[in-house]
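Number of protein chains: 2
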Amino acid sequence: MEENKNTNLEQGILEAAERLFLEKGFAMTSTTEIAKEAGCNQGLVHYYYRTKEKLFEEVFSKKAELFFSAFMNVENEELPFREKLRRVIEVHFDMLMKNPRLPFLLINEFTTNPGRVLSVKEKIKNLPESVLAKMEKELKEEIRCGRIREIELVDLMLMIISLNGGLFIAKPIMGAIMGMGEEEWERLAKRRRDENVRIILQAVEG
Amino acid sequence: MEENKNTNLEQGILEAAERLFLEKGFAMTSTTEIAKEAGCNQGLVHYYYRTKEKLFEEVFSKKAELFFSAFMNVENEELPFREKLRRVIEVHFDMLMKNPRLPFLLINEFTTNPGRVLSVKEKIKNLPESVLAKMEKELKEEIRCGRIREIELVDLMLMIISLNGGLFIAKPIMGAIMGMGEEEWERLAKRRRDENVRIILQAVEG
DNA sequence: ATTATCTATAGATCTATAGATAATGC
DNA sequence: ATTATCTATAGATCTATAGATAATGC
């Protein structure tokens, strides 16, 4: 309990920050607000994390890693290419369902402050290095054997991320413009999970 | 020249605001910055547009309309469904090529401030009302005749927007994570234009 | 003693407006 | 006279820190 109490607020601030950064992005979230959400005074936010930037980076790098985790996790499973591809899409989609604001956070911060991102790159170097290389190799092999059509890895990943991410990114837009409600969106999401798999599998076929 | 001089700064401020809002979004752009970019003092921004919000809305509603214009423009052309669909995708894509920051602006503002968006809805009501209904009717007819598979209009539009928009949205991310440069991105974009058409046409087939 | 928490505040913005001055249209 | 432009500033943040006080670990 003491140990708990010790890390209590430090952790609480981190979690409050996570919620708010995901909701509104870096620029529109103030440390005052984070403190209020965490139930402490504003000074404490800086006591534990020194600057808003440092606090943000702690949240952000975890989230960025999470976004790409689907690709890394499935890559280690032993499955035929087509099944592996299906799994990647599904795992990625399910992760987004649990973290629906994640695409927004990534887009917002990579777009408005690419500089802040450089430090994050270090933490997700696993992806670019080992995993991407392995995926590329597998993809090339499939193409060589004529089991799928000629396609670049970056094109494939972009398709997955665009189709999966688009659903979550467009949610507020569809809500505002077409007046789409939560229930209707849920039904749409349910359809899209299978459809995205289908579309991508179809798209890599000869 | 006088007339020009008259609207000169008013227009100049609007254009400066447009550039900056597209670059950094509403929250991260200050009226001081807009004034500097427009080459006048900060007071003038408020003289012409009263509040930052009003100035933003002027920019935003134009841009939101532009984003959906592809759907409206092509809808009026007389073409068989499949050709019309191809045209929509291509016209939408080409518009994004000319306005690469547009998807970011829409996402950012619809997500962080859905309230501000309500006033915009008025201005793009053309889409929801006449055009969407017409598209829906055509789509239903194609399905009824068995020329394409069963699909909802919203699914189709989401696919188009996700695939086309994703390329532009992911640009800074790919730049930061994979170190993708401008030239490489251009080549990718060239491929994606045709691929997106192909994928979507394939996806609506039986 | 050390660490956690709070209060108070300096210094940097930033938005919006008031009031002065210059330019333009009758 | 009216409209455009500038300067100056009030008032509201917001971040980061300093210094006081309370809690905890020896």
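Same order as they appear, the protein sequences are chains E and Z.
Quick note on this note's numbering: the first sequence kicks off at 142 and runs consecutively.
Quick note on this note's numbering: the second sequence kicks off at 142 and runs consecutively.
Glycine included, C-beta positions come from ideal geometry on N, C-alpha and C.
Problem set entry | Z/Ile284 to E/Asp235 span [Cα, whole Å] | 30 Å
Problem set entry | Closest by C-alpha distance to E/Arg328, when choosing among E/Arg223, E/Leu308 and E/Ile341 | E/Leu308
Problem set entry | CB of Z/Ser260 within 8 Å of CB of Z/Glu198, strictly | yes
Exercise. Mind pulling the chain Z residues with CB within less than 9 Å of E/Asp335?
Worked result: Those within 9 Å of E/Asp335 in chain Z number zero; the least Cβ separation is about 11 Å.
For this session: Return the residues of the stretch 293-312 of chain Z that lie within a Cβ-Cβ distance of less than 8 Å from chain E, sorted by chain order.
Result: Glu293, Val295, Asp296, Leu299, Met300, Ile302, Ser303, Leu304, Gly306, Gly307, Leu308, Ile310 and Ala311
Exercise. In three-state DSSP terms, what is E/Glu164?
Worked result: helix
Exercise. Using a C-beta to C-beta distance shorter than 7 Å, which residues of chain E count as neighbours of Z/Ile289?
Worked result: Chain E residues near Z/Ile289: none, gap ~14 Å exceeds 7 Å.
For this session: Using a Cβ-Cβ cut-off of 8 Å, state whether E/Gln255 counts as contacting chain Z.
Result: Here the sequence assigns Pro to residue 255 of chain E, which means Gln is not the residue at that position. Judged by the 8 Å Cβ criterion, E/Pro255 is in contact with chain Z.
For this session: Find the residues of chain E that neighbour Z/Lys165, judging by a C-beta separation of less than 8 Å, and give them in chain order.
Result: Thr253
Exercise. Does the stretch 318-328 of chain E touch the stretch 164-177 of chain Z, meaning 3 or more C-beta pairs lie closer than 8 Å?
Worked result: no
Problem set entry | Cα-Cα separation, E/Asp335 to E/Asn305 | 11 Å
Exercise. Residues of chain E with CB under 9 Å from Z/Arg332, in chain order?
Worked result: Glu293 and Asp296
Problem set entry | Alpha-carbon to alpha-carbon, Z/Glu282 and E/Ala157 | 50 Å
For this session: Below 6 Å CB to CB, which residues in the same chain sit around E/Ser352 once its five sequence neighbours on both sides are set aside?
Result: No answer is possible for residue 352 of chain E: it lies beyond the span of chain E, which begins at 142 and ends at 347.
Exercise. Applying a beta-carbon distance threshold of less than 7 Å, which residues of chain Z neighbour E/Met169?
Worked result: Ala168 and Thr253
Exercise. Helix or strand or just coil, what does DSSP make of E/Leu259?
Worked result: helix
For this session: Could you say which of E/Ala179, E/Glu218 and E/Lys225 lies nearest to E/Leu150 if we only look at CA atoms?
Result: E/Ala179
Problem set entry | Nearest-angstrom Cβ-Cβ length linking Z/Leu163 and Z/Leu246, presumed shorter than 8 Å | 5 Å
Exercise. By Cβ distance, which residues of its chain are closer than 6 Å to Z/Arg333, with the 5 residues on each side in sequence left out?
Worked result: Leu308
Exercise. So, helix, strand or coil for Z/Arg333, using DSSP?
Worked result: helix
Exercise. In three-state terms, what does DSSP make of Z/Lys281?
Worked result: helix
Exercise. For the alpha helix (DSSP H) that contains Z/Met315, what are its first and last residues?
Worked result: Lys312 to Ile318
Problem set entry | Within chain E, partners of Z/Lys193 - CB distance below 7 Å | Within 7 Å Cβ-Cβ: nothing; Z/Lys193 doesn't reach chain E, min ~14 Å.
Exercise. Which residues mark the beginning and the end of the alpha helix (DSSP H) in which Z/Met169 is found?
Worked result: Segment: none, Z/Met169 is in no alpha helix (DSSP H) and carries neither H nor E.
Exercise. Which two residues bound the contiguous alpha helix (DSSP H) that contains Z/Lys266?
Worked result: No alpha helix (DSSP H) holds Z/Lys266; DSSP gives it neither H nor E.
Problem set entry | For E/Glu291, the three-state DSSP class (helix, strand or coil) | coil
Exercise. Considering only residues of the same chain and omitting the five flanking positions on each side of Z/Glu174, which have a CB-CB separation below 8 Å?
Worked result: Leu161
Exercise. Any idea if Z/Lys204 is buried or exposed, counting beta-carbon neighbours within 10 angstroms, 16 or more meaning buried?
Worked result: buried
Exercise. For Z/Gly180, which of helix, strand or coil comes out of DSSP?
Worked result: coil
Problem set entry | E/Ile265: contacting residues in chain Z (beta-carbon distance under 8 Å) | Ile318
Problem set entry | Under 8 Å between C-beta atoms of Z/Ile314 and E/Phe251 | yes
Exercise. If you check the beta carbons only, do Z/Ile301 and Z/Val345 fall under 8 Å apart?
Worked result: no
Exercise. By how many angstroms is the C-alpha of Z/Ser303 removed from the C-alpha of E/Thr253?
Worked result: 20 Å
Exercise. Given that E/Asn245 touches chain Z, what residues does it touch there, using C-beta distances under 9 Å?
Worked result: One point to set straight first is that residue 245 of chain E is Phe, not Asn, in the sequence displayed. Neighbours of E/Phe245 on chain Z, chain order: Ile248, Asn249, Thr252 and Thr253.
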